[in-house]
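The structure appears below as C-alpha cells.
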Amino acid sequence: MSDYQMQEVRVSRIETITAQVKRFTLTATSGEPLPAFQGGSHIIVQMRDGENLYSNAYSLMSSPFDTSAWQIAVRLEEASKGGSRYLHQKVKPGDTLTISTPNNLFALAPQAQQHLLIAGGIGITPFLSQIPELEHSQAEWQLHYCSPSQDNCAFYDELLQHPSVDRIHLHLSSAGTRLDLSRLLADVEPGTHIYTCGPAVLNDAVREAAYLHRLDSNTLHFEQFALEDKSGDAFTLVLARSGREFVVPEEMTILQVIENNKAARVECLCREGVCGTCETTILEGEADHRDQYFSDDEKASQQSMLICCSRAKGKRLVLDL
1 MSDYQMQEVR VSRIETITAQ VKRFTLTATS GEPLPAFQGG SHIIVQMRDG
51 ENLYSNAYSL MSSPFDTSAW QIAVRLEEAS KGGSRYLHQK VKPGDTLTIS
101 TPNNLFALAP QAQQHLLIAG GIGITPFLSQ IPELEHSQAE WQLHYCSPSQ
151 DNCAFYDELL QHPSVDRIHL HLSSAGTRLD LSRLLADVEP GTHIYTCGPA
201 VLNDAVREAA YLHRLDSNTL HFEQFALEDK SGDAFTLVLA RSGREFVVPE
251 EMTILQVIEN NKAARVECLC REGVCGTCET TILEGEADHR DQYFSDDEKA
301 SQQSMLICCS RAKGKRLVLD L
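The UniProt record's numbering puts the first residue of the sequence shown at 1, with every later residue one more than the last.
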C-alpha cells in the first residue's frame with residue numbers, strides 16, 4: 001500500500017496558460033528547497049472548501065533539477081468534482097495548499113535506447129518534467145503533442161522556443177496536422193519505449209496501433225489521471241469483518257457505497273486509481289481492475305484492488321474490511 005506524507009506549501013504564482021489551464025508555482029512555507037523528484041512524478045493536492053474535501057492528483061511539470069519550487073498545471077474540467085474548479089476560482093497567490101510527497105508511476109525506462117513521448121491535452125505535463133532528464137542524459141527522444149487548436153494547446157509558445165524544438169512535433173486538429181499513430185508506430189526502431197499521457201481515446205488508439213504493428217507491450221507506458229468511466233454491472237459487496245452486505249449499483253463505486261453507509265473507514269487520497277491508498281485485500285471473487293497503480297502481474301494475481309475505481313467481474317465480491 002502506498003504511503004504518502006503530506007506537507008503545506010505556498011502558492012507563490014498563478015499563471016493563465018489557456019482559457020482552461022492555469023499553472024501553479026508551489027514553494028515550501030519554510031523557504032527551504034522542496035524534496036527531489038523524478039520526471040513523471042505526481043503529487044496529491046488536498047483542498048478544503050467549507051465542508052467539502054477535494055483530493056486530486058497532478059503531475060509535477062517543473063524541472064527535477066530545480067527544487068526551489070514545484071509547478072503543476074490544472075485544467076478546469078467541465079464535469080469537475082470540485083478540485084479543479086476550486087483551484088481555478090478560489091486559490092490566490094500567497095494561499096497555502098496541502099500536498100503529498102511525490103510518487104512516480106510513469107518513470108522513464110532506463111533501458112530504453114530511444115524515448116517516444118505522446119501527449120494529448122493536459123497530458124503534456126509529465127513530459128515537461130521528463131524532457132530535462134532526457135536532455136541531461138543526452139538520450140534520444142521525440143515528443144508528439146496533440147491538441148484541438150493552438151488556442152487550446154497548453155505551453156504552445158514555450159515548446160516552440162525550446163532548445164530542442166526539432167524534437168517536438170505539434171499536431172493541431174484545426175490546422176489539419178492530426179497525428180497518424182499507425183504511421184508513427186510503424187517506423188519505431190527496436191529499443192524504443194513509448195510513453196502516452198492523455199485522454200482514454202488517445203491511450204486506446206496507441207494500444208491499438210502498437211498491437212497492429214506487434215510492438216512489445218513491455219515497451220508501452222501509459223498515464224491517465226481522470227478515469228472517464230467507473231460504472232459497470234451491479235454486484236453484491238460483502239465486508240468480511242462486519243459481515244455486512246451491500247449492492248453496488250451500476251453508477252457507484254465500492255468506496256462510495258462504503259462511505260454512504262459508513263460501513264468501514266477507508267483512506268483514499270486521489271479517488272482516481274492513482275495513489276494506492278485505498279488498496280484492499282480480496283478474499284473472494286475477482287476484480288475488474290481499472291487503476292493505474294498496479295502492474296499487470298499484480299492485477300492478474302487478484303490479491304487486492306483499489307476500491308475507488310475498480311469493480312467486481314462477477315456478481316459477488318468479498319473484501320477484507
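No residue lacks a Cβ here, since even glycine has one placed at the ideal position from N, Cα and C.
- Query: DSSP state of G314, grouped into three classes?
  - Reply: Position 314 of the sequence shown, counting from 1, holds the residue named residue 314. Reduced to three states, the DSSP call for G314 is coil.
Three-state secondary structure assigned by DSSP to Q5: As a position in the sequence shown, residue 5 is number 5, starting the count at 1. Q5: coil per DSSP, three-state reduction.
Bridge partners for K22 per DSSP, in chain order?
Position 22 of the sequence shown, counted from the start, is the residue given in the question as residue 22. DSSP lists T16, V74 as partners of K22.
Range of the contiguous beta strand (DSSP E) that encloses L116 | Numbered from 1 along the sequence shown, position 116 holds the residue referred to as residue 116. L116: member of the beta strand (DSSP E) spanning 114-120, first to last residue.
_Boundaries (first-last residue) of the beta strand (DSSP E) holding Y195_ = The residue you call residue 195 lines up with position 195 of the sequence shown. Unbroken beta strand (DSSP E) run through Y195: 192-197.
_If you measure between the beta carbons of N103 and H42, is that distance less than 8 angstroms?_
Mapped onto the sequence shown, residue 103 falls at position 103. Mapped onto the sequence shown, residue 42 falls at position 42. In this structure, H42 lies closer than 8 angstroms to N103 by Cβ.
- Message: Which residues does DSSP list as the beta-bridge partners of E279?
- Response: Working through the sequence shown from its first residue, we reach residue 279 at position 279. According to DSSP, E279 bridges with L306.
| said: With DSSP as the reference, identify every bridge partner of S100, one or two as the case may be. | reply: In the sequence shown, counting from the first residue as 1, residue 100 sits at position 100. Looking at the DSSP assignment, S100 forms a beta bridge with M6.
ask   = Looking at C-beta atoms only, is the number of pairs between the segment 236-256 and the segment 291-308 that lie closer than 8 angstroms three or more?
value = In short, these stretches touch, since the Cβ pair count reaches three.
Practice problem: Could you tell me whether the Cβ atoms of I99 and Q38 are closer together than 8 angstroms? | Solution: Stepping through the sequence shown from its first residue, residue 99 is reached at position 99. Stepping through the sequence shown from its first residue, residue 38 is reached at position 38. No Cβ-Cβ contact shorter than 8 angstroms links I99 with Q38.
Inset, instruction - Give every residue of the same chain whose Cβ lies closer than 6 angstroms to the Cβ of F222, excluding the five residues on either side of it in the sequence, and list them in chain order. - result: Within the sequence shown, numbered from 1, the residue matching residue 222 stands at position 222. For F222, the CB contacts under 6 angstroms within the same chain, skipping 5 residues up- and downstream, are T196, N203 in chain order.
Taking a contact to mean a Cβ-Cβ separation below 8 angstroms, would you say L321 touches A234 in this structure? The residue labelled residue 321 in the question sits at position 321 within the sequence shown. The residue labelled residue 234 in the question sits at position 234 within the sequence shown. No.
**Request:** Determine the direct distance from the alpha carbon of L317 to that of D296, and round the result to whole angstroms.
**Result:** Along the sequence shown, read from residue 1 onward, the residue named residue 296 stands at position 296. Along the sequence shown, read from residue 1 onward, the residue named residue 317 stands at position 317. Near 20 angstroms, if we compare the C-alpha coordinates of L317 and D296.
Taking only three categories from DSSP, how would you classify D95? Taking the sequence shown and counting its residues from 1, one reaches residue 95 at position 95. DSSP places D95 in coil when its eight states are reduced to three.
8 angstroms contact criterion, which A154 and T18 should meet: CB distance rounded: One-based indexing of the sequence shown puts residue 154 at position 154. One-based indexing of the sequence shown puts residue 18 at position 18. Contact between A154 and T18 holds: their C-beta atoms lie close to 5 angstroms from each other, under 8 angstroms.
request  = List the DSSP bridge partners of D288.
outcome  = Counting from 1 along the sequence shown, the entry for residue 288 is found at position 288. Residue pairing for D288: DSSP places it in a beta bridge opposite R311.
Note to self: Taking 8 angstroms as the threshold (C-beta atoms), are K313 and E286 in contact?
What the structure shows: Position 286 of the sequence shown holds residue 286. Position 313 of the sequence shown holds residue 313. For E286 and K313, yes; Cβs fall inside 8 angstroms.
- Is R271 buried or exposed, if buried means 16 or more other CB atoms sit within 10 Å of its CB? For the purposes of this step, residue 271 is taken as residue 271 along the sequence shown, with counting starting at 1. Result: buried.
| field | Span of the alpha helix (DSSP H), counted from its first residue to its last, around E208 | value | For the purposes of this step, residue 208 is identified with residue 208 of the sequence shown, where counting begins at 1. Secondary structure note for E208: its alpha helix (DSSP H) is the uninterrupted segment 200-212.
Subject >> E267 (DSSP reduced to helix, strand or coil) >> reply: Taking the sequence shown and counting its residues from 1, the one referred to as residue 267 is at position 267. E267 falls in the coil class under three-state DSSP.
Practice problem: Would you kindly work out how many angstroms separate the C-alpha atoms of Q292 and P163, rounded to a whole number? | Solution: In the sequence shown, counting from the first residue as 1, residue 292 sits at position 292. In the sequence shown, counting from the first residue as 1, residue 163 sits at position 163. Roughly 32 angstroms between the two C-alpha positions.
(Q) Am I right that L160 and H171 are in contact with their C-beta atoms under 8 angstroms? What's the rounded C-beta distance? (A) The residue given as residue 160 occupies position 160 in the sequence shown. The residue given as residue 171 occupies position 171 in the sequence shown. Your pair L160 and H171 does not check out as a contact, with CB atoms roughly 14 angstroms apart and the cut at 8 angstroms.
Give me the Cα-Cα distance between K92 and A73, rounded to the nearest whole angstrom.
The count along the sequence shown starts at 1 and reaches residue 92 at position 92. The count along the sequence shown starts at 1 and reaches residue 73 at position 73. Going by the C-alpha atoms only, they are around 15 angstroms apart.
- Query: Run through DSSP, which three-state label would A234 get?
  - Reply: Taking the sequence shown and counting its residues from 1, one reaches residue 234 at position 234. The answer is coil: DSSP assigns A234 none of H, G, I, E or B.
Helix, strand or coil at T27 according to DSSP, with G and I counted as helix: As a first step, residue 27 must be located in the sequence shown, where it is residue number 27. DSSP, read as helix, strand or coil, puts T27 in strand.
ask   = Candidates N260, T96, S62, V266: which alpha carbon is nearest I131's?
value = On the sequence shown, residue 131 is found 131 positions in, with the first residue counted as 1. Checked all of N260, T96, S62, V266; the closest Cα to I131 is S62.
Subject >> Beta-carbon spacing of R75, V21 below 8 angstroms >> reply: Residue 75 sits at position 75 when you count from the first residue of the sequence shown. Residue 21 sits at position 21 when you count from the first residue of the sequence shown. Yes; because the gap between Cβ atoms is below 8 angstroms, this pair is in contact.
Practice problem: Please go through the same chain and pick out, in chain order, the residues whose beta-carbon is closer than 7 angstroms to the beta-carbon of E133, but skip the five residues on each side of it. | Solution: Within the sequence shown, residue 133 is the residue found at index 133, counting from 1. Exclusion of the five residues before and after E133 leaves G39, P64, L108 as the residues of its chain whose Cβ lies within less than 7 angstroms of its Cβ.
Same chain only: Cβ atoms within 6 angstroms of T16, ignoring 5 sequence neighbours per side: Your numbering for residue 16 matches position 16 in the sequence shown. Cβ within range, chain order: K22.
Please list, in chain order, all residues of the same chain as L212 whose beta carbon is under 7 angstroms from its beta carbon, the five residues on each side excluded. One-based indexing of the sequence shown puts residue 212 at position 212. Cβ neighbours of L212 beyond the five flanking positions: S182.
- request: Sort A226, P249, A200 by Cα distance to K315 and report the nearest one.
  value: Reading the sequence shown from its first residue, position 315 is the one you call residue 315. Looking from the CA of K315, the closest CA among A226, P249, A200 belongs to P249.
Determine the direct distance from the alpha carbon of Q303 to that of M47, and round the result to whole angstroms. Taking the sequence shown and counting its residues from 1, the one referred to as residue 47 is at position 47. Taking the sequence shown and counting its residues from 1, the one referred to as residue 303 is at position 303. M47 and Q303 have their alpha carbons spaced roughly 32 angstroms apart.
Applying the 10 Å Cβ sphere with the 16-neighbour rule, what's the burial state of G83? What you label residue 83 is simply residue 83 of the sequence shown in a count that begins at 1. The residue in question, G83, is buried, as its Cβ has 16 or more Cβ neighbours within 10 Å.
* Specify, as a first and last residue, the run of the beta strand (DSSP E) that A109 falls within. => Against the sequence shown, residue 109 aligns to sequence position 109. Where A109 is concerned, there is no enclosing beta strand (DSSP E), given that its DSSP letter is neither H nor E.
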